[in-house]
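Asker:
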Amino acid sequence: MIELRGKAVADAHKAVLSERLAELQAKGIVLGLGILLVGDDKAAQMYARFMEKTAKSAGFGVEVAHLSADASQAEVLAVVKRWNEDDRIYGVLPLMPMPPQVDPDVIIESLDPGKDIDGLTARNIGLASSGKGGFWPCTPLACMAILEHYKIPLAGKHVVVVGRSQVVGKPVALLLLEQHATVTLCHSKTTNLEEHLKQADVVVAAV
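Be aware that the sequence shown starts at 889, since it is given in my numbering, and climbs by one per residue.
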């Protein structure tokens, strides 16, 4: 078994990204990222801090909106609306989970699809899955970048994806199909998972 590490891939992509951002900054363009965090979920807070630090180090402008756990849905929608209309914000990243009084589907669908950088809106999901553009979620793209970096052949190979979430499992399965892999998508209700894994040429753990 070969375990593929992502750090070298991330470092290479960061170097290219920093160059491109520097070119834009030389023209007076700073790409702004809006990070939306609602409530006190520790994992979401940690991810928000990581994203803020990473984006700033690459040269992005970053605005973090951290709303309290008792924020109303209207308050959350107001932040999204403001960012949708702000030309300085090029991408919006709403972090999950959100408190029970806030419907995440409503928040996601209120995003401008052109700023939906994690490919969460129905429009982007439809465009991406049909091969007509749109944004893919970041993690599946990272998986594909790692496979490409290590020159892992995919055409004709049996790839088992473990996990069927809308943001990782399903989209990575579609991206693998685009590379002509034969894909088996396993999940929490799959029986004999171990047997599926034994038959795989490549395993993507999307859990």
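Glycine included, each C-beta is placed from N, C-alpha and C at the ideal position. Because the structure is a prediction, the values reported are computed rather than measured.
Thinking just about the alpha-carbon of each residue, which of MET1032, TRP1024, LEU925 is nearest to the one in VAL897?
Answerer: For VAL897, the nearest C-alpha among the options comes from MET1032.
Asker: Is the beta carbon of PRO987 closer than 8 Å to that of ALA966?
Answerer: No. Outside cutoff.
Asker: GLY927: buried (16+ other C-beta within 10 angstroms of its C-beta) or exposed?
Answerer: GLY927 is buried by the Cβ-count criterion.
Asker: Suppose the cutoff is 6 Å on Cβ atoms and the five residues either side in sequence are ignored; what does the same chain contact list for ALA1043 look like?
Answerer: Hits under 6 Å: HIS1068.
Asker: Assign ALA910 to buried or exposed, taking buried as 16 or more other Cβ atoms, counted over all protein chains shown, within 10 Å of its Cβ.
Answerer: Per the 10 Å Cβ criterion, exposed.
Asker: Could you check the C-alpha separation between LYS1086 and LEU892 for me, to the nearest Å?
Answerer: In a straight line, the C-alpha of LYS1086 is about 18 Å away from that of LEU892.
Asker: With three or more C-beta pairs closer than 8 Å as the rule, is the region 989–1004 touching the region 935–948?
Answerer: Contact between the region 935–948 and the region 989–1004 is absent, because fewer than three Cβ pairs lie under 8 Å.
Asker: Take the Cβ of VAL1095 as the centre, count every other Cβ of all protein chains shown within 10 Å, and call the residue buried at 16 or more, exposed below.
Answerer: Exposed.
Asker: Entirely within the region 960–1004 and at least 3 residues each: give me those beta strand (DSSP E) ranges in chain order.
Answerer: Segments of the beta strand (DSSP E) lying fully in the region 960–1004: 977–982.
Asker: Could you check the C-alpha separation between THR1027 and GLY916 for me, to the nearest Å?
Answerer: Near 30 Å, if we compare the C-alpha coordinates of GLY916 and THR1027.
Asker: Can you tell which of LEU1015, LEU925, VAL968 has its C-alpha closest to the C-alpha of LEU999?
Answerer: The shortest Cα separation from LEU999 among LEU1015, LEU925, VAL968 belongs to VAL968.
Asker: Report the start-end ranges of each alpha helix (DSSP H) in the region 893–967 that is 4 residues or longer and not cut off at the edges.
Answerer: Entirely contained in the region 893–967, the alpha helix (DSSP H) runs reaching 4 residues are, in chain order, 895–914, 930–946.
Asker: Which residues share a DSSP beta bridge with VAL1048?
Answerer: Paired residue(s): THR1072, VAL1091.
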